[in-house]
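Asks:
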Amino acid sequence: MPEGHTLHRLALELTDAFAGSVVRVGSPQGRFAESASLVDGQVLEGAEAWGKHLFIGFAGERFVHVHLGLYGKLDVRTGVEEVPDPVGQVRMRLVRADGTAYADLRGATTCELVTAEQRDLVVERSGPDPIRPDADPDRAWQRIRRSRAPIGGLLMDQTVLAGVGNVYRAEVLYRHRMHPLRPGSTLRQSQWQATWDDLVVLMAEGVRTGRIDTVRPEHSPEAMGRPPRKDDHGGEVYVYRRHGQPCLVCGAKVRTDVLQGRNLFWCPRCQPTFRSRAVQ
DNA sequence: CTGCAATGCTAAG
DNA sequence: TTAGCCTTGCAGG
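Residues 14 to 293, numbered by this note's numbering, are exactly what the first sequence covers, in order.
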């Protein structure tokens with residue numbers, strides 16, 4: 014679901030399904046109808062993601078900017094015989110002119126038609142994205158090393174780093190044994206580099222599989238003889254939404270707290286406090 | 001069935 | 001700091 018890997022995966026799916034084809038663009042729900050008419054019947058040139066932002070490019074330098082927010086969804090279907098009637102509130106529907114593929118957007122926070130300049134503004138405001146090969150982790154490091162804000166907040170700040178959401182945040186902090194409230198300025202550069210390198214691998218895997226898996230092989234359900242996780246996000250994780258359950262590595266009870274309105278999860282033993290008085 | 005929380009973010013107050 | 005977006009899956013009655 015919508016952390017950066019989801020948007021990059023969608024960009025690939027959209028490009029595969031529609032690039033180079035004439036596409037009918039509509040808004041069964043109506044809220045995107047006016048903009049849709051401006052690109053309806055144009056050639057879709059490709060789709061690209063930066064962090065959690067998706068841009069679908071049409072002939073004439075016009076882009077549909079999509080942000081899924083918390084529960085938005087974009088379903089891409091290819092190789093269909095027939096395009097079904099829309100179900101629910103479909104904000105935007107793309108249909109290949111030959112009718113063999115369609116995509117439905119629902120519940121998105123943002124769906125707007127923008128110029129190349131407007132797209133560039135979004136990209137410029139974003140921090141480096143671990144999924145993009147052109148990303149420069151030093152840009153993020155320069156923000157982190159100068160900030161007394163908790164690393165748990167910095168990782169979710171899309172102007173510091175683009176694409177990391179609540180699951181990757183919790184999990185990468187766990188994997189690097191960092192307490193979420195530790196100030197950014199107390200990290201060593203080597204720690205940041207290791208964290209970044211890990212995100213590059215984890216998130217690329219997320220693009221490939223469409224889910225967030227962060228446990229190492231020795232902690233997999235098979236290796237540990239435990240049942241696989243079964244809930245809506247599907248992947249195998251160490252601490253995300255596991256509060257009150259035993260840590261897979263040390264057995265301590267996973268803890269939770271709220272930081273800036275978002276749920277934090279961490280293991281008090283594997284992610285020791287950075288100071289004696291910090292939250293445990 | 002009803003209610004609520006959720007991988008996010010913006011704008012209003 | 002809070003409401004809103006308006007979907008989905010789960011818990012509880």
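Ideal Cβ placement from N, Cα and C applies to all residues, glycine included. Quick caveat, the model's predicted, so the values are computed rather than measured.
1) Here's the rule: buried if 16 or more other CB atoms are within 10 angstroms of the residue's CB, otherwise exposed. What is residue 212?
2) Helix, strand or coil for residue 193 per DSSP?
3) Taking C-beta to C-beta, are residue 230 and residue 241 nearer than 8 Å?
4) Within this structure, are the beta carbons of residue 183 and residue 63 separated by less than 8 Å?
5) According to DSSP, simplified to helix, strand and coil, what is residue 64?
6) Applying the 10 Å Cβ sphere with the 16-neighbour rule, what's the burial state of residue 208?
7) I'd like the span of the alpha helix (DSSP H) that includes residue 125, first residue to last.
8) What I want to know is whether the C-beta of residue 249 ends up closer than 7 Å to one or more non-hydrogen atoms of the ligand MG.
9) Hey, out of 206, 154, 146 and 124, whose CA is closest to residue 46's CA?
10) Would you give the residue range spanned by the alpha helix (DSSP H) that residue 203 belongs to?
11) Quick one: residues in its chain with C-beta nearer than 7 Å to the C-beta of residue 285, no 5 flanking neighbours on either side, listed in chain order?
12) Around the C-beta of residue 290, are 16 or more other C-beta atoms found within 10 angstroms, so that it is buried, or is it exposed?
13) Helix, strand or coil, according to DSSP, for residue 39 in the structure here?
14) Closest by CA to residue 60, which one among 30, 38 and 158?
15) For a test of the three-state rule: what should DSSP assign to residue 237, helix, strand or coil?
16) Using 10 angstroms around the beta-carbon of residue 146, count the other beta-carbons present and answer buried if the total reaches 16, otherwise exposed.
17) Taking only three categories from DSSP, how would you classify residue 6?
18) Please list the terminal residues of the continuous alpha helix (DSSP H) segment that includes residue 29.
19) What are the boundary residues of the alpha helix (DSSP H) that includes residue 115?
20) What span of residues does the alpha helix (DSSP H) with residue 182 cover, start to end?
21) How big is the Cα-Cα spacing for residue 156 and residue 35?
22) Specify whether the region 109-116 and the region 75-94 touch according to this definition: at least 3 beta carbon pairs, one from each stretch, less than 8 Å apart.
23) Could you tell me whether the Cβ atoms of residue 195 and residue 163 are closer together than 8 Å?
Replies: Put simply:
1) Numbered from 1 along the first sequence, position 199 holds the residue referred to as residue 212. When all chains shown are included, residue 212 counts as buried.
2) Within the first sequence, residue 193 is the residue found at index 180, counting from 1. Collapsing the DSSP output to three states places residue 193 in coil.
3) Taking the first residue of the first sequence as 1, we reach residue 230 at position 217. Taking the first residue of the first sequence as 1, we reach residue 241 at position 228. Not a contact, by the Cβ cut-off of 8 Å.
4) Numbered from 1 along the first sequence, position 170 holds the residue referred to as residue 183. Numbered from 1 along the first sequence, position 50 holds the residue referred to as residue 63. For the 8 Å CB-CB criterion, residue 183 and residue 63 do not form a contact.
5) Locating residue 64 in the first sequence gives position 51, counting from the first residue. Annotated three-state conformation of residue 64 is coil, per DSSP.
6) Within the first sequence, the letter at position 195 stands for residue 208. Under this definition residue 208 is a buried residue.
7) Numbered from 1 along the first sequence, position 112 holds the residue referred to as residue 125. Boundaries for residue 125: no alpha helix (DSSP H) harbours it, while the beta strand (DSSP E) harbouring it runs 123-128, taken from the DSSP string.
8) With respect to the ligand MG, the structure shown offers nothing to examine, as it has no ligands at all.
9) In the first sequence, the residue the question calls residue 46 occupies position 33. With distances taken between Cα atoms, residue 46 lies closest to 124.
10) Translated into the one-based positions of the first sequence, residue 203 becomes position 190. Note, residue 203: alpha helix (DSSP H), 202-222.
11) For the purposes of this step, residue 285 is taken as residue 272 along the first sequence, with counting starting at 1. Answer for residue 285: 192, listed in chain order.
12) Looking up residue 290 in the first sequence gives position 277. Residue placement at residue 290 is flagged as unreliable, the pLDDT there being 44, under the threshold of 50; the coordinate-derived value follows with that caveat. Exposed, by the Cβ-count rule.
13) Walking along the first sequence from the start, residue 39 turns up at place 26. Strand at residue 39.
14) Here residue 60 is taken as the residue at index 47 of the first sequence, counted from 1. Taking the Cα of residue 60 as reference, the smallest distance to any Cα among 30, 38 and 158 is reached at 30.
15) By one-based count along the first sequence, residue 237 stands at place 224. Collapsing the DSSP output to three states places residue 237 in a helix.
16) Locating residue 146 in the first sequence gives position 133, counting from the first residue. Counting Cβ neighbours within 10 Å, residue 146 comes out exposed, since fewer than 16 surround it.
17) Nothing about residue 6 can be read from this structure; the chain reaches only from 14 to 293.
18) In the first sequence, residue 29 corresponds to position 16, counting from 1. Following the DSSP letters along the chain, one finds residue 29 inside the alpha helix (DSSP H) bounded by residues 17-31.
19) Within the first sequence, the letter at position 102 stands for residue 115. That residue, residue 115, is in no alpha helix (DSSP H); its beta strand (DSSP E) goes 114-119.
20) Numbered from 1 along the first sequence, position 169 holds the residue referred to as residue 182. From DSSP, the alpha helix (DSSP H) with residue 182 extends over 179-188.
21) Counting from 1 along the first sequence, the entry for residue 156 is found at position 143. Counting from 1 along the first sequence, the entry for residue 35 is found at position 22. Cα to Cα, the separation comes out at about 43 Å.
22) Contact annotation: the region 109-116 touches the region 75-94, with at least three C-beta pairs closer than 8 Å.
23) Against the first sequence, residue 195 aligns to sequence position 182. Against the first sequence, residue 163 aligns to sequence position 150. With a cutoff of 8 Å on beta-carbon distance, residue 195 and residue 163 are scored as near each other.
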